[in-house]
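Input: a single structure, listed below in structure tokens.
Numbering (UniProt numbering), first residue to last: 1 to 147.
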């Protein structure tokens with residue numbers, strides 16, 4: 001066997017071990033959604049490291065977007081201090097922020113779907129999003145454990 005195969009095999013072993021530990025920590029209702037086939041496809045999608053880089057980039061972009069949205073909101077709040085309908089204006093600004101965050105989520109879902117991460121597609125279904133969030137949590141957990 002070549003060295004790269006040993007590395008790949010070892011990586012798969014570590015990821016399988018981390019998957020088992022991760023799934024056991026989940027609530028029972030979520031644990032059941034991590035089927036054997038989902039686990040297998042997820043681990044295979046992580047082998048070459050591309051998904052780790054994508055998730056890291058998406059995390060960085062999300063942090064920047066959230067910071068920008070917060071700063072913009074604070075700026076608008078300062079500008080609107082003397083407006084009589086401040087509460088209504090701020091409510092509209094907050095609705096716009098939530099709409100923008102929803103767009104960011106959809107872009108992230110699409111990116112991870114295109115990267116071959118199982119269970120990822122554009123959705124607003126809370127149950128599906130909960131599974132997607134658990135998958136991202138696993139990806140971040142296993143990434144921290146890999147050499």
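Cβ coordinates follow ideal geometry from the N, Cα and C atoms, glycine included.
Would you please state the rounded distance, in angstroms, between the beta carbons of residue i and residue j? I believe it to be under 8 Å.
| i | j | result |
| --- | --- | --- |
| residue 148 | residue 54 | The chain is shown only over 1 to 147; residue 148 falls outside these bounds and no answer can be derived. |
| residue 132 | residue 119 | 6 Å |
| residue 47 | residue 34 | So it is not a contact: roughly 18 Å between Cβ atoms. |
| residue 37 | residue 117 | That pair is no contact at about 14 Å. |
Given residue i, which residues of its chain have a CB within under 8 Å of its CB, disregarding the five upstream and five downstream residues?
| i | result |
| --- | --- |
| residue 141 | 18 and 22 |
| residue 50 | 115 |
Skipping 5 residues on each side, what residues in its chain have a beta carbon closer than 7 Å to that of residue i?
| i | result |
| --- | --- |
| residue 113 | 120 and 121 |
| residue 39 | 19 |
Determine the burial state of residue i: buried for a count of at least 16 other Cβ atoms within 10 Å of its Cβ, exposed for fewer.
| i | result |
| --- | --- |
| residue 144 | exposed |
| residue 15 | buried |
| residue 146 | exposed |
Compare the Cα-Cα distances from residue i to each of the options and report the closest residue.
| i | options | result |
| --- | --- | --- |
| residue 67 | 124, 101 and 15 | 101 |
| residue 61 | 104, 137, 146 and 12 | 104 |
| residue 13 | 28, 43 and 36 | 43 |
| residue 95 | 110, 70 and 84 | 70 |
| residue 77 | 64, 92, 65 and 63 | 92 |
Need the endpoints of the alpha helix (DSSP H) that residue i sits in, please.
| i | result |
| --- | --- |
| residue 92 | 86-114 |
Counting only the same chain and skipping the five closest in sequence on each side, list residues whose C-beta sits under 6 Å from that of residue i.
| i | result |
| --- | --- |
| residue 52 | 143 |
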